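Everything on this sheet refers to the single structure shown next.
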Amino acid sequence: MARRIRLFVVDPDPDVRAAIAGLARAEPRLEVAGTAGSLEEAAAAAAQAPADVALVAVDRVADADALAGAAIPILAYGREAQPDVMRRAMAAGARDFLVWPFTASGLLQALAEIEAAAPRDPAAGPVAVLSARGGCGRSSLALNLAVLLARRLEEEVALVDLDLDAGSLAPYAGVKAPATVADLVRLGAAVDSDALRQAAARVAGVPVRLFASPSEPGTWAATPAQALRGVVERIDMAFAASLLDLPVVFDERLAAVLDACGRVVFVTPAEVAALVPAARWLRRLTEAGWSGERLSVVCNRTHPEMKLPPQAVAEALGVAHVIQVPFDEAAALAAQNGQPAAARRSPTPFVRALEPLLRALVPQAEGRAAGPARAALPQAADVPRGLGPALPW
Ligand SMILES: Nc1ncnc2c1ncn2[C@@H]1O[C@H](COP(=O)(O)OP(=O)(O)OP(=O)(O)O)[C@@H](O)[C@H]1O
Ligand SMILES: [Mg+2]
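Read in order, the letters of the sequence shown are residues 360 to 752 in this note's numbering.
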């Protein structure tokens, strides 16, 4: 899950403060927690506006001598990259220096580098949807979860069809995609967040953007693992959240992609024959560190007369519980017609059954305010020490 990073802007120039606030508004990964014209004002305001990062005009940084003790990272910026000014800013405790005017992508890049130095939130990153066999309902789940997640977060969510050889999300979502994941892999880091958002196809009527699969046999095996991981990370950065529909291949590409992921949704049908491969995959996932709240297991196409109750499935798979998703013909028909079931006004049983999964993915989401932003920089205190009134810079 991507996280919204809260900025506190300190600049004597109100136009620059407004310009940075405008940049942040246009970028779903950012928000401005507060602004101030001076460090004193910042100290007074910050208690009411906890932030993850302080963006401070360089003359203000250079004047302050105790930034190193601030609880949140400081990013300094100035109109020119003069070595002595930059050096003084860094010596005063700034973690990086940007030349103003910077772009949202430039700012995100700098923030990513700062964040890389902080411990990573293990639940941050894309949500991977996996299964041990084909036809289990991965694509149906990924598509409908994306719709529900986007509505819950009130922001656009990316849906990425990484089933590169035989993906089905474009027809399920009823879109003709202008670009595929393979195109993005070829372009590499040249594609910034804005271009990424433009490249994805809109899913009609819902705040979901689809990165389609080229659906050409052999594409998965021909794609370098790290390039794939890079694309997945950049997409997650560009959206409030991202969901990945993955192929049934446990290889180095899957391992690389999972390394970037925050959560796994593992889907298995409620059939005895499916339990052995599912248990094998779950063992490998557990060995790779996937367990607890970061791993959800879904038992799909359950039926009231089923001989295999969900608790028996959970025991056979060695997990505490499974989330049941019933057989639902309406959901299958919706996919056939290129309209996600979750986009309908009245939810079908399939969609209703996804609610516990959604709660597992976004435990504290009560709309935007309690979204994933808080996890951006786990070291940051709620009231930044360096900005708080009790301990001014
Ligand atoms: N709970 C359900 N009730 C009824 N039909 C379902 C359910 N889940 C999935 N289906 C249907 O089962 C078929 C396979 O589902 P889906 O394509 O989502 O699985 P998949 O794991 O992505 O398959 P593949 O391995 O082919 O990519 C589709 O026709 C879908 O509509
Ligand atoms: Mg599929």
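Glycine included, C-beta positions come from ideal geometry on N, C-alpha and C.
Everything numeric in this text was worked out from a predicted model, so none of it was measured.
Practice task
Using a Cβ cut-off of 9 Å (strictly closer), state whether I682 contacts chain D.
Solution key: Chain labels in this structure do not include chain D; a single protein chain is all it has.
Exercise for the section: Report all residues from its chain with a CB closer than 8 Å to the CB of Y436; omit the five preceding and five following residues, and keep chain order. Expected result: L414, V415, A416, V417, F456, L457, V458, W459 and F461
Exercise for the section: Write down the C-beta distance between V565 and V506 rounded to the nearest angstrom, noting that I regard them as a contact closer than 8 Å. Expected result: 5 Å
Practice task
Would you mind reading off the limits of the beta strand (DSSP E) that contains L555?
Solution key: Note, L555: premise wrong, no beta strand (DSSP E); alpha helix (DSSP H) at S552 to A558.
Problem - In DSSP terms, what R561 is bridged to - result: R568
Problem - Start-to-end residues for the alpha helix (DSSP H) that takes in F709 - result: P708 to A712
Exercise for the section: With a cut-off of 7 Å, give the chain-ordered residues whose Cβ is closer than this to any heavy atom of ligand 3. Expected result: No copy of ligand 3 occurs in the structure displayed; its ligands are ligand 1 and ligand 2 alone.
Problem - Counterpart residues of C658 in DSSP-defined beta bridges - result: T627 and Q683
Exercise for the section: May I ask which residues mark the beginning and end of the alpha helix (DSSP H) holding E674? Expected result: P669 to L676
Practice task
Ignore the nearest five residues each way along the sequence and tell me which others in S464's own chain have a CB closer than 8 Å to its CB.
Solution key: D551, S552 and D553
Problem - Contact test: C495 Cβ vs ligand 1 heavy atom, cutoff 8 Å - result: yes
Problem - For G533, the three-state DSSP class (helix, strand or coil) - result: coil
Handout entry: Heavy atom of ligand 1 within 8 Å of S490 beta-carbon
Key = yes
Handout entry: Spatial neighbours of A694 in its chain, beta-carbon cut-off 7 Å, leaving aside the 5 residues before and after
Key = S499 and Y531
Handout entry: Rounded C-alpha distance that separates R446 from R438
Key = 15 Å
Exercise for the section: Look up E390 in the DSSP assignment and say whether it is helix, strand or coil. Expected result: strand
Handout entry: Proximity winner among L667, L692, G533 and A401, relative to E630 (alpha-carbon distances)
Key = L667
Handout entry: C-beta contact flag for V540 and S572 at 9 Å
Key = yes
Exercise for the section: Can you give me the start and stop residues for the beta strand (DSSP E) that D522 sits inside? Expected result: First-last for D522: undefined, no H or E at that position.
Practice task
Mind checking which residues open and close the alpha helix (DSSP H) that includes V753?
Solution key: This structure does not reach residue 753, given that the chain is present from 360 up to 752, and the question cannot be answered.
Practice task
Drop a sphere of 10 angstroms on the beta-carbon of E714, count the other beta-carbons inside from all chains shown, and report buried for 16 or more, exposed for fewer.
Solution key: exposed
Exercise for the section: Using a threshold of 9 Å, state whether the C-beta atoms of P583 and L523 are closer than that. Expected result: no
Handout entry: Where S705 sits in the DSSP three-state scheme
Key = coil
Problem - Supposed contact pair L382 and I364 - C-beta distance, whole angstroms, cut 8 Å - result: At roughly 12 Å, the Cβ-Cβ gap does not stay under 8 Å, so I364 and L382 are not in contact.
Practice task
Could you have a look at L466 and say whether DSSP puts it in helix, strand or coil?
Solution key: helix
Exercise for the section: Confirm, please, whether the CB-CB distance from I682 to V721 is below 9 Å. Expected result: no
Handout entry: Continuous alpha helix (DSSP H) stretch holding A614: start and end
Key = E611 to A619
Exercise for the section: Sort A549, A647, A401 and F367 by Cα distance to V616 and report the nearest one. Expected result: A647
Problem - DSSP three-state assignment for V607, whether helix, strand or coil - result: coil
Handout entry: Cβ-heavy atom distance, V763 to ligand 1, below 8 Å
Key = This structure gives no information on residue 763, because the portion of the chain shown stretches from 360 to 752.
Handout entry: Any non-hydrogen atom of ligand 1 within 8 Å of A703 CB
Key = Correcting the residue type first, residue 703 is Arg in the shown sequence and not Ala. Result no, Cβ not under 8 Å from ligand 1.
Exercise for the section: Assign N503 to one of two classes, buried (16 or more other C-beta atoms within 10 Å of its C-beta) or exposed (fewer than that). Expected result: buried
Practice task
Determine the extent of the beta strand (DSSP E) in which A416 is found, giving its start and end residues.
Solution key: V412 to A416
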